[in-house]
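Every number in this note's numbering is 8 more than the matching position in the sequence shown, counting from 1.
Structure first, then comments.
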Amino acid sequence: MREQKKLEESAGAEKGSSSESGDSSSDDDYETKKRSGVEGLIEIENPNRVSQKNKKVAEIDDSIPRELSRREREEIEKQKSKERFMKLHIEGKTDQAKADLARLAIIKKQREDAAKKREDLRKVEEPKGKP
C-alpha cells in the first residue's frame, strides 16, 4: 500500500509541475472544458444558429435595396391607396364624390331659387316705392 501512495504522490507531483511549467496543457484543458458533453465528441453545425458577422461601413453595399419590414410595407401601401382614392375622388369617380356632387347640385339649385325670389321681390317693390 505504501508503494501505491508513493506512486500516486509522484504522479500528482508530475502533473502539478507539468501544468505549472507548460501553458499548452492549460490551453488544452480549457478547450476540453469549453467543449463538454456531446459537443466535444461530434462536430455539429446548427443550421438555425445565425452567427453575427460584423461588417465595416466600407463593406456595406448601398446599391442593393434593403428589404422592408411588414409595417413599412403596410404604411407605403396605405399611403398609395389614399393617394389613389384622392385622385379618383377629385375626378368624381368614387361613391363619396358622387354623393358630394349631388349635394352640391341641390344646394346650388336652392341658392339660385332663393336668389330669383329675392330678385322678383325687389322688382315688385321697386315700382311701388317710386310714386
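C-beta: ideal position from N, C-alpha, C; glycine also.
{"Asked": "Given a cut-off of 8 Å, decide if His97 and Ala107 are closer than it, judged by their beta-carbon atoms.", "Found": "no"}
{"Asked": "Quick one: Cα of Pro55 to Cα of Thr102, how far?", "Found": "52 Å"}
{"Asked": "According to the Cβ coordinates, are Leu109 and Gly100 closer than 8 Å?", "Found": "yes"}
{"Asked": "Could you check what DSSP says for Lys64 in three-state terms: helix, strand or coil?", "Found": "coil"}
{"Asked": "Starting from Leu76 and walking both ways along the alpha helix (DSSP H), at which residues does that stretch end?", "Found": "Leu76 -> no alpha helix (DSSP H), and no H or E assigned at all."}
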